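Numbering (this note's numbering), first residue to last: 532 to 828.
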């Protein structure tokens with residue numbers, strides 16, 4: 532996950548630890564008092580973040596998780612609470628289950644919960660950034676019969692978006708021109724979360740003042756320390772809702788795993804040995820990764 536790069540660069544975490552918050556694995560040992568439904572040898576995805584009023588380690592829920600406040604999954608073994616374990620259905624690999632636990636779960640949360648794309652209403656959606664999360668957002672929204680537009684600076688990412696069902700895929704410059712011509716969407720998801728993409732997403736929700744959705748929603752999905760600006764003139768005049776949703780529920784993760792199991796959503800995943808983790812992180816930092824990367828002990 533690209534947030535690991537931020538962690539490595541010291542932008543968030545106060546102490547060193549084993550990173551890796553996007554985890555699946557097989558149960559090897561079980562502690563005392565664990566529910567008997569948790570079985571040795573079974574494959575589980577890990578619901579890393581469990582929002583609650585009472586923090587386990589004194590941190591906000593986002594950072595009160597494996598790989599953020601205690602040792603995570605870039606290791607041969609990891610210690611996990613039983614309430615974080617979600618059974619993986621038959622036919623879903625350990626690699627896909629790991630991706631479901633963060634990238635898939637967040638993409639689902641952004642599209643279905645925050646974006647309110649339900650497959651029942653005609654909805655148009657802009658996915659800005661077709662990376663590890665963005666390409667799954669394209670797939671999920673397409674599965675739910677939304678009209679999907681994608682934007683990415685990388686040609687290979689735009690080709691991937693089209694292959695996954697996007698109606699159109701633009702470079703940032705092409706998208707700016709389309710918005711100038713009046714392209715308008717109901718929902719915009721900003722996986723990049725930079726000032727430029729944030730402004731573009733806002734503009735896409737009012738079509739250069741030529742079209743106005745009834746319930747425009749801007750989901751800021753990227754993790755960034757950059758300041759993004761808006762005024763109440765933006766939100767009130769255009770009835771614009773801006774949300775920054777965090778992670779998802781156990782039910783959301785189960786829904787994502789079911790989408791994987793049925794083949795409705797097939798994430799783009801490449802696997803590497805755990806010993807290659809530094810090489811993988813270098814590729815992630817350079818922006819050359821297409822889809823999602825999993826490391827396997």
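Heads up, the beta-carbon is just placed ideally off N, CA and C, and yes, glycines get one too. What you are looking at is a predicted structure, and each value in this text was computed from that prediction instead of being measured.
(message) I believe residue 791 touches residue 627 by the beta-carbon criterion, under 8 Å. Please report the beta-carbon distance rounded to the nearest angstrom.
(response) Locating residue 791 in the chain shown gives position 260, where the first residue counts as 1. Locating residue 627 in the chain shown gives position 96, where the first residue counts as 1. Sure, about 5 Å apart at Cβ, within 8 Å.
(request) Spatial neighbours of residue 549 within its chain, please: CB distance less than 6 Å, with the 5 preceding and 5 following residues excluded, ordered by chain position. (result) Numbered from 1 along the chain shown, position 18 holds the residue referred to as residue 549. Correct list, in chain order: 602, 603, 605, 606.
(message) Would residue 761 and residue 750 qualify as a contact pair, given that the criterion is a beta-carbon distance under 8 Å?
(response) Walking along the chain shown from the start, residue 761 turns up at place 230. Walking along the chain shown from the start, residue 750 turns up at place 219. It is not a contact, given that the beta carbons lie outside the stated cut-off.
(request) Assign residue 637 to one of two classes, buried (16 or more other C-beta atoms within 10 Å of its C-beta) or exposed (fewer than that). (result) As a working note, residue 637 is residue 106 in the chain shown. Flag for residue 637 reads buried.
(request) Please classify residue 727: is it buried, with 16 or more other beta-carbons within 10 angstroms of its beta-carbon, or exposed? (result) Translated into positions along the chain shown, residue 727 becomes position 196. Exposed, because fewer than 16 other Cβ atoms sit within 10 Å of the Cβ of residue 727.
(message) Could you tell me the alpha carbon to alpha carbon distance between residue 572 and residue 554, rounded to whole angstroms?
(response) Here residue 572 refers to the residue found at position 41 when the chain shown is read from its first residue. Here residue 554 refers to the residue found at position 23 when the chain shown is read from its first residue. Approximately 16 Å, taken between the alpha carbons.
(message) What would DSSP say about residue 804, mapped onto helix, strand or coil?
(response) Here the question's residue 804 lines up with position 273 in the chain shown. In this structure, residue 804 counts as strand in the three-state DSSP scheme.
(message) I'd like to check one pair, residue 609 with residue 556: are the Cβ atoms closer than 8 Å?
(response) In the chain shown, counting from the first residue as 1, residue 556 sits at position 25. In the chain shown, counting from the first residue as 1, residue 609 sits at position 78. Cβ distance < 8 Å, so residue 556 and residue 609 count as in contact.
(request) Throw me the rounded Cβ distance for the residue 664 and residue 697 pair, which I believe falls under 8 Å. (result) On the chain shown, position 133 is the one that residue 664 refers to. On the chain shown, position 166 is the one that residue 697 refers to. Rounded, the Cβ-Cβ distance is 15 Å, inconsistent with contact.
(message) Rounding to the nearest angstrom, what Cα-Cα distance links residue 682 and residue 558 in this structure?
(response) One-based indexing of the chain shown puts residue 682 at position 151. One-based indexing of the chain shown puts residue 558 at position 27. Roughly 40 Å separates the two Cα atoms.
(request) Within the same chain, show all residues whose beta-carbon is closer than 6 Å to that of residue 689, passing over the 5 residues directly before and after it, in chain order. (result) As a working note, residue 689 is residue 158 in the chain shown. Once the five neighbours on either side are set aside, the close Cβ partners of residue 689 are 683, 700.
(message) Let me check understanding here. Comparing Cα to Cα, which of 532, 733, 785, 784 lies closest to residue 768?
(response) Indexing the chain shown from 1 puts residue 768 at position 237. Among 532, 733, 785, 784, the Cα nearest to that of residue 768 is on 733.
(message) When you compare the CB positions of residue 718 and residue 654, do they come within less than 8 Å of one another, or not?
(response) Here the question's residue 718 lines up with position 187 in the chain shown. Here the question's residue 654 lines up with position 123 in the chain shown. Yes, the Cβ-Cβ distance between residue 718 and residue 654 is below 8 Å.
(message) Is it buried or exposed, residue 737, if we count other Cβ atoms within 10 angstroms and call 16 or more buried?
(response) Counting from one through the chain shown, the residue named residue 737 turns up at place 206. It is buried - the Cβ of residue 737 has at least 16 other Cβ atoms within 10 Å.
(request) Identify whether residue 714 lies in helix, strand or coil by the three-state DSSP scheme. (result) Indexing the chain shown from 1 puts residue 714 at position 183. Three-state DSSP puts residue 714 in coil, outside helix and strand.
(message) By the three-class DSSP mapping on this structure, what secondary structure does residue 655 have?
(response) Here residue 655 is taken as the residue at index 124 of the chain shown, counted from 1. DSSP places residue 655 in strand when its eight states are reduced to three.
(request) Could you tell me if residue 650 is buried or exposed, where buried requires 16 or more neighbouring beta carbons within 10 angstroms of its beta carbon? (result) Here residue 650 corresponds to residue number 119 of the chain shown, with the count starting at 1. Counting Cβ neighbours within 10 Å, residue 650 comes out exposed, since fewer than 16 surround it.
(request) Pull up the distance between the alpha-carbon of residue 744 and that of residue 715, whole angstroms please. (result) Position 213 of the chain shown, counting from 1, holds the residue named residue 744. Position 184 of the chain shown, counting from 1, holds the residue named residue 715. Between residue 744 and residue 715, the C-alpha separation is close to 8 Å.
(request) Please list, in chain order, all residues of the same chain as residue 804 whose beta carbon is under 6 Å from its beta carbon, the five residues on each side excluded. (result) Counting from one through the chain shown, the residue named residue 804 turns up at place 273. Here the set comprises nothing.
(message) Output needed for residue 560: all residues of its chain with C-beta closer than 8 Å, excluding positions within five of it in sequence on either side, in chain order.
(response) Here residue 560 is taken as the residue at index 29 of the chain shown, counted from 1. If we look at residue 560 and ignore the five residues flanking it on each side, its Cβ neighbours are 571.
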